[in-house]
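Remarks on the structure that follows.
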Amino acid sequence: MSKEVPGLVGVGPHRQAETLRRVALVTDYVAGRMSSRDAIARLGVSEPTFWRLVRAWRQAGRAEALPGAGSRKRPSFPVSREQAAIVAEAEAAMPAVPISRVVQLALDLGRARGVAMPGVTNVRNCVTAARRGRGLRPAGFAELVLGFCAVGLPVFHPDHGIVMPTMCLLLDVRISAIPLGLSLSLRPPEAGDAARAFLDAIARADTHDEVIADRLTVPIGEGARWAHLTASLEGAGLAVAAHPLRPRSGRVLSRLLGLRPAGIALHADMTDRAIGSRPYRMREGEPLSLDDAEDVMRHRLSDALPGPRRVLVPDAGRRGTLSAAMLGIAAEPAAAA
-3 MSKEVPGLVG VGPHRQAETL RRVALVTDYV AGRMSSRDAI ARLGVSEPTF WRLVRAWRQA
57 GRAEALPGAG SRKRPSFPVS REQAAIVAEA EAAMPAVPIS RVVQLALDLG RARGVAMPGV
117 TNVRNCVTAA RRGRGLRPAG FAELVLGFCA VGLPVFHPDH GIVMPTMCLL LDVRISAIPL
177 GLSLSLRPPE AGDAARAFLD AIARADTHDE VIADRLTVPI GEGARWAHLT ASLEGAGLAV
237 AAHPLRPRSG RVLSRLLGLR PAGIALHADM TDRAIGSRPY RMREGEPLSL DDAEDVMRHR
297 LSDALPGPRR VLVPDAGRRG TLSAAMLGIA AEPAAAA
């Protein structure tokens, strides 16, 4: 499915067709248009599973609530106002340090004040949400961030079976984290994939801004294509803050977006692995094509992180030159995955 079906946004992308079929049959049974025996036969499930489907549909009325929908949503545990205030205090005191240190400070503050704090994961989620809510923290940080990260979508690879693709994502973090452009690939981070993300950002911009971003941070690998990418961005007037592409570079996006933005898992520490070393273990459903997975990711992020997609380069002439350069880089042959 290249486009997501309305009402199935919370369903795993690889399970949407089957979930839609289940909803139709369960709805027919609930409405009295089909007997339970016929519904069970057409669904191809056991009788207990059928009644679980019926109960879930009657209680929630949402496709994502059905067993086998692949939503994989984890239960959330409430955080009290007192706990949230302690986490906010810790984050405000350490706005530019790694999240792990903020989490530890929050736990220490809670212990010192006799307040039972939530688990480490919940504290981390609170800190991440606070940072997302105000963009990229203090003055001096980049306003645009390019990052790579392996994502939990099942994509078919002709040599390696079902694997997790690499996402390259350009974020505007001036107000909040807003996705400007992205690309998905079946290889570790490459300059061509970064170029495609910039092209996507140029094509999808919906808000003109005369002020160019103060700073763009980009992870840079070795080779002429990366050098060409950096030079092209700087030639368009963007202030590029380049840093070496390292195995942990994938954590940049997970720190900004959390571990499951739009319900799709980010696997930061798998980003640098060869594509054959990151299999997606899928119990049910069908894998996606790379193009369909890219459409799903773009749609999900746009819905979950709404906001104005500002034009990357205000000057039309420079923008055209940058587009031509990115097209050239994207077309150059890349190293084998």
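Going by the working numbering, the sequence shown opens with residue -3, and the numbers climb by one from there. A virtual CB, placed ideally from N, CA and C, is assigned to each residue, including glycine. Just so you know, these numbers come straight off a predicted model, no measurement behind them.
Restricting attention to Ser76, Gly324, Gln55 and Leu262, the CA atom closest to the CA of Cys164 is found in Leu262. Separation of Glu282 and Thr15 (C-alpha to C-alpha, rounded to the nearest whole angstrom) is 12 angstroms.
Leu62 and Arg279 have their C-alpha atoms roughly 16 angstroms apart. By the 16-neighbour rule on beta-carbons within 10 angstroms, Asp202 is exposed. Bounds of the alpha helix (DSSP H) holding Ile198 are Ala187 to Arg200. DSSP, reduced to helix, strand and coil, places Ser273 within a helical segment of the structure shown. Excluding residues up to 5 positions away in sequence, Asp168, Ile171, Ser172 and Ile174 lie with their Cβ nearer than 8 angstroms to the Cβ of Gly303 in the same chain. When the beta-carbon positions are compared, Arg242 and Gly188 stay at least 8 angstroms from each other.
Membership of His239 in the beta strand (DSSP E) is indicated by the continuous run Val236 to Pro240. Residue pairing of Leu142 in beta bridges, as defined by DSSP: Leu166. The residue among Glu328, Leu142, Arg256 and Pro161 with its C-alpha nearest the C-alpha of Asp287 is Pro161. Counting only runs of 3+ residues, no beta strand (DSSP E) is found wholly inside the region 41 to 127.
Pairing Asp196 with Leu212 gives a Cβ-Cβ distance that is not under 8 angstroms. With contacts defined as CB atoms closer than 8 angstroms, Ser245 and Gly143 qualify as a contacting pair. Residues of the same chain with a CB within less than 8 angstroms of the CB of Arg200, apart from the 5 flanking positions on each side, are Leu176, Gly177 and Arg305 in chain order. With 16 or more other Cβ atoms from the protein chains shown falling within 10 Å of its own Cβ, Arg120 counts as buried. Residue environment analysis places Asp155 among the exposed positions, since fewer than 16 neighbouring C-beta atoms fall within 10 angstroms of its C-beta. Burial state of Asp268 is buried, judged by a 10 Å Cβ sphere holding 16 or more other Cβ atoms. Collapsing the DSSP output to three states places Ser245 in a helix.
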